[in-house]
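Residue numbers (our numbering): 6 to 319. Glycine included, C-beta positions come from ideal geometry on N, C-alpha and C.
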């Protein structure tokens, strides 16, 4: 079983537009609303592939009740940690060839809320293979919460993975989870490096930074590179999986699908990485994060390259 933790969940409303003009009235061709947050997205993709999952998240207010009802309607196993704060609403605008997201900040967790979330994680993590903490922290929430979630997973005997950004990613690196899953921009910020915009130079820069980070944490680092695929580095391996060329429909949630594919893939790093990139690519071709990614993913189109460098060096 894979337990996902979403410290800052949301209701995501998506508007499909023929085009968008700033400062003008724009009419949507279609709109949807779904329970979201990065951990929810990871669990949804895994659930659609037949992987047993559970979701734990804090939620309150009418929006929290709506989020719980949406999770229930999808058949997603979940535990809500009640709070006195409403769940945020994010907006996605889909135009041909372009995705625009507007994310609300969320509401701070009280110390009691944070303690209840950690207790729920440790309770549900017993018997879990993985505890995956994904997404932003609510504003004014101490970044130490990430490390406490990692420790709760460890105490329960689970492996741990974190997908975060900014100071939360730094706190996650200090906690030393089994897997860190930043994107290229997040990794560059964490390591204080400048990355090229794409292609082989980006792959090499991401490899070097991920190798240094993996050497510090002792775990693995999975770096999503968008159209350039992904890099995986651990003390024994350094791999790049090149994504097949596609025309994206919606890039929101692609990184979550990539992490889900890594968790669900074959046990060896190469198989995991190919599955990850295949699922991330498939997610780009779906109009929302609620699609069945695994059913349309094609790992045979993903090319794997052994880069011959590990966290320990050449």
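Best match in 93, 185, 162 for proximity to residue 330 [C-alpha to C-alpha]: The shown model of the chain, from 6 to 319, leaves out residue 330, and the question about it has no answer.
Beta carbon of residue 278 nearer than 9 angstroms to that of residue 246: As a working note, residue 278 is residue 273 in the chain shown. As a working note, residue 246 is residue 241 in the chain shown. Going by beta carbons, residue 278 and residue 246 fall inside the 9 angstroms limit.
N- and C-terminal bounds of the beta strand (DSSP E) containing residue 245: The sequence position of residue 245 within the chain shown is 240, counting from 1. Start and end: 242 to 247.
At least 3 beta-carbon pairs within less than 8 angstroms: the segment 44 to 57 vs the segment 258 to 267: yes
First through last residue of the beta strand (DSSP E) which encompasses residue 149: Locating residue 149 in the chain shown gives position 144, where the first residue counts as 1. Premise fails: residue 149 lies in the alpha helix (DSSP H), 149 to 160, not in any beta strand (DSSP E).
Given 8 angstroms, three or more beta-carbon pairs between the segment 130 to 150 and the segment 114 to 122: yes
Opening and closing residue of the alpha helix (DSSP H) in which residue 46 lies: Working through the chain shown from its first residue, we reach residue 46 at position 41. Run containing residue 46: 43 to 53, per the alpha helix (DSSP H) assignment.
Pairwise C-alpha distance: residue 90 and residue 240: Working through the chain shown from its first residue, we reach residue 240 at position 235. Working through the chain shown from its first residue, we reach residue 90 at position 85. Spanning the two alpha carbons is a distance of roughly 42 angstroms.
Selected residue, minimal CA-CA separation from residue 99, among 25, 88, 40: Within the chain shown, residue 99 is the residue found at index 94, counting from 1. Out of 25, 88, 40, 25 has the C-alpha closest to the C-alpha of residue 99.
DSSP beta-bridge partners of residue 138: Position 133 of the chain shown holds residue 138. In the DSSP output, where bridge partners are listed per residue, residue 138 has 10, 167.
Exposed unless 16 or more other CB atoms sit within 10 angstroms - verdict on residue 128: To locate residue 128, count along the chain shown from 1; it is residue 123. Residue 128 comes out exposed.
Chain-order list of residues whose beta-carbon lies under 8 angstroms from that of residue 104 (same chain, five-residue window excluded): Here residue 104 is taken as the residue at index 99 of the chain shown, counted from 1. Correct list, in chain order: 97, 98, 253, 255, 256, 257.
Pairwise C-alpha distance: residue 76 and residue 271: In the chain shown, the residue the question calls residue 271 occupies position 266. In the chain shown, the residue the question calls residue 76 occupies position 71. One C-alpha to the other measures close to 28 angstroms.
DSSP three-state assignment for residue 216, whether helix, strand or coil: The sequence position of residue 216 within the chain shown is 211, counting from 1. DSSP places residue 216 in helix when its eight states are reduced to three.
Chain-order list of residues whose beta-carbon lies under 6 angstroms from that of residue 161 (same chain, five-residue window excluded): Locating residue 161 in the chain shown gives position 156, where the first residue counts as 1. Once the five neighbours on either side are set aside, the close Cβ partners of residue 161 are 127, 130, 131.
C-beta atoms of residue 136 and residue 8 nearer than 9 angstroms: The count along the chain shown starts at 1 and reaches residue 136 at position 131. The count along the chain shown starts at 1 and reaches residue 8 at position 3. Yes.
Given 8 angstroms, three or more beta-carbon pairs between the segment 53 to 66 and the segment 76 to 85: Because the criterion of three Cβ pairs below 8 angstroms is met, the segment 53 to 66 and the segment 76 to 85 touch.
Nearest-angstrom Cβ-Cβ length linking residue 275 and residue 244, presumed shorter than 8 angstroms: Residue 275 sits at position 270 when you count from the first residue of the chain shown. Residue 244 sits at position 239 when you count from the first residue of the chain shown. Separation of the CB atoms of residue 275 and residue 244 is rounded to 6 angstroms, and the pair is thereby assigned contact status at 8 angstroms.
Alpha-carbon spacing of residue 300 relative to residue 54, whole angstroms: Within the chain shown, residue 300 is the residue found at index 295, counting from 1. Within the chain shown, residue 54 is the residue found at index 49, counting from 1. Their Cα atoms are separated by approximately 7 angstroms.
Spatially closest choice to residue 223 from 283, 230, 158, 181, by CA coordinates: Walking along the chain shown from the start, residue 223 turns up at place 218. Checked all of 283, 230, 158, 181; the closest Cα to residue 223 is 181.
Coarse secondary structure for residue 33, derived from DSSP in three states: Taking the first residue of the chain shown as position 1, residue 33 is located at position 28. If DSSP states are grouped into helix, strand and coil, residue 33 belongs with coil.
Cβ pair residue 111, residue 44 closer than 9 angstroms: Indexing the chain shown from 1 puts residue 111 at position 106. Indexing the chain shown from 1 puts residue 44 at position 39. No, the Cβ-Cβ distance between residue 111 and residue 44 is not below 9 angstroms.
C-beta contact flag for residue 303 and residue 250 at 9 angstroms: Working through the chain shown from its first residue, we reach residue 303 at position 298. Working through the chain shown from its first residue, we reach residue 250 at position 245. Contact flag unset, no.
Opening and closing residue of the alpha helix (DSSP H) in which residue 261 lies: Counting from one through the chain shown, the residue named residue 261 turns up at place 256. That run of the alpha helix (DSSP H) goes 259 to 269.
Residue 115 versus 27, 145, 190, residue with shortest Cα-Cα distance: Numbered from its first residue, the chain shown carries residue 115 at position 110. The shortest C-alpha separation from residue 115 is found at 145.
Nearest candidate by alpha-carbon position, reference residue 306, set 282, 313, 288: Here residue 306 refers to the residue found at position 301 of the chain shown. Ranking the options by Cα distance to residue 306, first place goes to 282.
Residue environment, residue 37, which counts as buried when at least 16 other CB atoms sit within 10 Å: Against the chain shown, residue 37 aligns to sequence position 32. The residue in question, residue 37, is exposed, as its Cβ has fewer than 16 Cβ neighbours within 10 Å.
Same chain, Cβ closer than 6 angstroms to residue 17, five either side skipped, listed in chain order: As a first step, residue 17 must be located in the chain shown, where it is residue number 12. Around residue 17: 39, 41, 95.
When 68, 179, 188 are compared against residue 168, the one with the closest alpha-carbon: The sequence position of residue 168 within the chain shown is 163, counting from 1. Here the closest residue by C-alpha is 188.
The alpha helix (DSSP H) enclosing residue 306, as first and last residue numbers: If you number the chain shown from 1, residue 306 lands on position 301. Segment: none, residue 306 is in no alpha helix (DSSP H) and carries neither H nor E.
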